[in-house]
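In structure tokens, the structure reads:
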């Protein structure tokens, strides 16, 4: 598996987890194995118990069977004895024999009787003896020997009691185990002593021992013992299976704690465990033989019982082991499979992350614990200006190459990122380092992070250094510092007091002029202190603050302020709220100007202005008065002068009418003259009134359609020229913003003049047009009339000034004066060009007003 | 019994103008139905039948020809009184004056004058104007119903 030195990718983590899971898996497996083993053991124990119980039951059954058989056998023997004892024929024969009556025949009968019994039931021999122990007849027929004292004691016992008596199992003089039974032969008459006794000799080897030794089940070690207590010892009555010649010869202390036979005679019953006469551990069942003081002990070697159990145990253990081994193998296989899969994922993941690292814009350099570089990415090469080979130490690096600290000083070796981490074992970030690639070059600025990677044992394995290029930021910061410095210099040299203050009134910054204006002496660095309360009038301050809060700024707020020494100054305050772009916090920057001197000057200006205004008002009032007088005068002219004229006209007409034909031609001429003069005077008065009004009337400025205005003025003139030949040429007349009514008067006057002074021209040519000149519109009226001498052009627009006599062209000399007055009032100019007999052109210009003014 | 002849009240202080006006009206035999008031006060007294006119028959003229410039009370004042008097407010009133002052014309129309005529200086024109007035208002125009 490839080691992944840098990356702790997800696949890597998965693998780590997978490995950590190994112990869990093993523990789980062990628990499972223990469970399986436990289960197997339990099953085995169940079997063992079952086998043991089976063995115990077998032993118990054998013991009881044997005990029962022995009881039955002894009862049979007793029966045999009693049969003989009660045999009257035998008894009679015996009596005959003893009496010597028919002795031989009796003897034969007796012999036959006893022999039948002997053969039938397997007795060794049967002896008919006298009650005092003298043998009479013996079957099989052999030489009778005298009976042993033990037998004789039995005979005496039987003769005395008249009951069948049997001996213990004992060793005869021949060293052979035997049992004797003595049956007394009842006398002919009841109450008499028995006539004789029959001694029946039983050889236990014939019947007793064989069926004791006979084991009903196949067993390698099964054995039945017949024991009885004799004194302090337990005597083995039968021949043993495992030792010969023991019948009645082997005896062991009855106090032996582990000997099952001893346990039997001590009264134990049922199943016991112990060690037999051979010293072999056995399992035994004890049963007493009824009617005797014998005990049957059926025993079997423990090993015989336990061997199959052990075998099964081994088998179970083997099987369990096999299962566990198989399970372990399977788990291991699965484990390996998963590991291989994770390995593949890790390889893929590592490839992915390697690609990522390769394409990262941040530089990544991985150092071994000895600071040797083991891995780097292309960005690192680019940022550090070193090739991959140079980084790996394979190629020499320019000796000028080094790191610099943020302040530009060369960086000490121990401060190199990797060395810092190796020395401290701690990660760090945000360190700034400049890289000088070649001598004299500007350093490239890097922001470095570095962190250690530890192995499983806590030992430092690798140091990872990552960095990004922050040259642009550093340069921006340098620019910012320079800008800050310039700002500072500017602020310091400002004549205005500058301050910057938090919303809580703590001064952040200020310049010397600030101290000077507020008269602060001594310590002139007030930063961090409270802004001095320089307000004289609290309402001023409240107004200032309110305006600042409402608009975010205050401009030229004039307030009375107090210097430190208590003197007053007029302070011109400006301020605005500055919101920090990043923190969003607000502070206030403001200026203070000592306005005292300027305030005084300004006050003077205000005073002078007020005076001037008063003067203007006075003059205006005077002028208004004069205007009023003029109006009154004009009114009088219009009203009071016209009335007498009307009367003159009226009464002269009435006079002429009344006189009728009495008046001569001359008189009639006089009346005509009066009439004409009166009419002229009327026109003159009307013109004067008009002239007066154009000076006084209020301007009504608005958009004026010049074309329409001209036609309104032309209307009456066209009627006048109805019988004349006039060539009208009317060009484009742009609209204008002016007074419509006044302009109509202008057109009426100018065109009227043109009509009047072309009276003798045929055809008369009148051209009306307009042209734009320098933002003004110039309108003109040109005619081919009598024209005028330019020498007198200056007189054209004067009141009552005329260039022609009334006889030539009637007129009041007010029309053009009126035109000039109107055009001048509208902000324009009027002028004329002409030549005697060659026509005249009158021009007027109007300013190109865009907006109607009130 | 109301008379069929139309009445004209001429309020004019200038005797020359009165004479010329009557001369003009005489042409159409209207002169003998003209009553002349020599100032505004007299004109109102006539119309309201008070003062010197308290005894006159209760009849309103067909039209009042009113000069503006008069002693004691001027023509515009008389016009205002007429238009605010419930009994006189529908009375046809014509201003006959020498004034061509714009302000006078505007005020007259604002007060509800029925016509505004500037006396021409020329006699022929004057005669024509007054004749037209007399004929129109006294003969052609339908009078408003009497308030009383």
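Chains as they are written, first to last, in our numbering: chain A, 1 to 854; chain B, 855 to 1002.
Note that the Cβ used here is the ideal one computed from N, Cα and C, for glycine as well.
Asked: Beta carbon of residue 785 of chain A nearer than 8 Å to that of residue 754 of chain A; Found: yes
Asked: Among A:136, A:101 and A:99, the one whose alpha carbon lies nearest that of residue 114 of chain A; Found: A:136
Asked: Separation of residue 160 of chain A from residue 104 of chain A, as counted between CA atoms; Found: 28 Å
Asked: Neighbour list for residue 876 of chain B in chain A, Cβ cutoff strictly below 7 Å; Found: Going along chain A, no residue has its Cβ under 7 Å from residue 876 of chain B, so there is no contact; the nearest lies around 12 Å.
Asked: Beta carbon proximity, residue 943 of chain B to chain A, threshold 8 Å; Found: no
Asked: Integer-rounded CB distance, given that residue 816 of chain A should sit under 8 Å from residue 846 of chain A; Found: Not confirmed; about 17 Å, so no contact.
Asked: Reduced DSSP category for residue 1001 of chain B - H, G, I as helix; E, B as strand; rest coil; Found: Confidence is the limiting factor: at residue 1001 of chain B the pLDDT is only 48, short of 50, which leaves the residue's position unreliable, though a coordinate-based value still follows. In the structure shown, residue 1001 of chain B sits in coil (DSSP, three-state: anything other than H, G, I, E or B).
Asked: Where residue 535 of chain A falls: helix, strand or coil (DSSP); Found: strand
Asked: Euclidean distance between Cα positions of residue 819 of chain A and residue 904 of chain B; Found: 53 Å
Asked: 8 Å Cβ cutoff, residue 649 of chain A in contact with chain B; Found: yes
Asked: Whole-angstrom distance between residue 633 of chain A and residue 643 of chain A, CA atom to CA atom; Found: 15 Å
Asked: Expected contact under 8 Å - CB spacing of residue 518 of chain A and residue 563 of chain A to nearest Å; Found: 6 Å
Asked: Where residue 455 of chain A sits in the DSSP three-state scheme; Found: coil
Asked: Counted within 10 angstroms of its Cβ, other Cβ atoms place residue 188 of chain A as buried (16 or more) or exposed; Found: exposed
Asked: Residue 669 of chain A at chain B interface by Cβ criterion, 8 Å; Found: no
Asked: CB contact check: residue 968 of chain B to chain A, cutoff 8 Å; Found: no
Asked: C-alpha gap between residue 180 of chain A and residue 236 of chain A, whole angstroms; Found: 18 Å
Asked: Proximity of residue 834 of chain A and residue 844 of chain A at Cβ, strictly below 8 Å; Found: no
Asked: Nearest to residue 302 of chain A (by Cα), restricted to the options A:284, A:84, A:319 and A:316; Found: A:284
Asked: Reduced DSSP category for residue 872 of chain B - H, G, I as helix; E, B as strand; rest coil; Found: helix
Asked: Inter-residue Cα distance where the pair is residue 856 of chain B and residue 900 of chain B; Found: For residue 856 of chain B, the predicted model reports a pLDDT of 42, less than 50, meaning its position is unreliable and no value from the coordinates is stated.
Asked: Members of the region 904-932 of chain B near chain A, C-beta cut-off 9 Å; Found: 922 and 923
Asked: Beta-carbon neighbours of residue 678 of chain A, restricted to chain B and to distances below 8 Å; Found: 975 and 976
Asked: Exposure label - residue 952 of chain B; buried when at least 16 CB within 10 Å; Found: buried
Asked: Candidates A:616, A:757, A:465 and A:630: closest to residue 788 of chain A by CA position; Found: A:757
Asked: Where the beta strand (DSSP E) containing residue 478 of chain A begins and where it ends; Found: Note, residue 478 of chain A: premise wrong, no beta strand (DSSP E); alpha helix (DSSP H) at 471-493.
Asked: Alpha-carbon spacing of residue 571 of chain A relative to residue 503 of chain A, whole angstroms; Found: 21 Å
Asked: Within chain A, the residues that residue 871 of chain B reaches when beta carbons sit closer than 9 Å; Found: 643, 646, 647 and 650
Asked: C-alpha distance - residue 465 of chain A paired with residue 367 of chain A, whole-angstrom precision; Found: 8 Å
Asked: Proximity to residue 94 of chain A [Cα-Cα], best of A:595, A:398 and A:184; Found: A:184
Asked: Minimum Cβ-Cβ distance from residue 962 of chain B to chain A less than 8 Å; Found: no
Asked: Neighbouring residues, chain A, relative to residue 883 of chain B (Cβ below 7 Å); Found: Simply none; closest approach about 18 Å.
Asked: Assigned secondary structure, residue 427 of chain A (DSSP; H/G/I helix, E/B strand, else coil); Found: coil
Asked: Close Cβ partners of residue 246 of chain A (< 6 Å) along its chain, the five nearest in sequence each way excluded; Found: 236 and 240
Asked: Reference residue 134 of chain A; option with closest CA among A:122, A:124, A:116 and A:154; Found: A:154
Asked: For residue 900 of chain B, the first and last residue of its enclosing beta strand (DSSP E); Found: Counting along the chain, residue 900 of chain B falls outside any beta strand (DSSP E), though it belongs to the alpha helix (DSSP H) covering 894-902.
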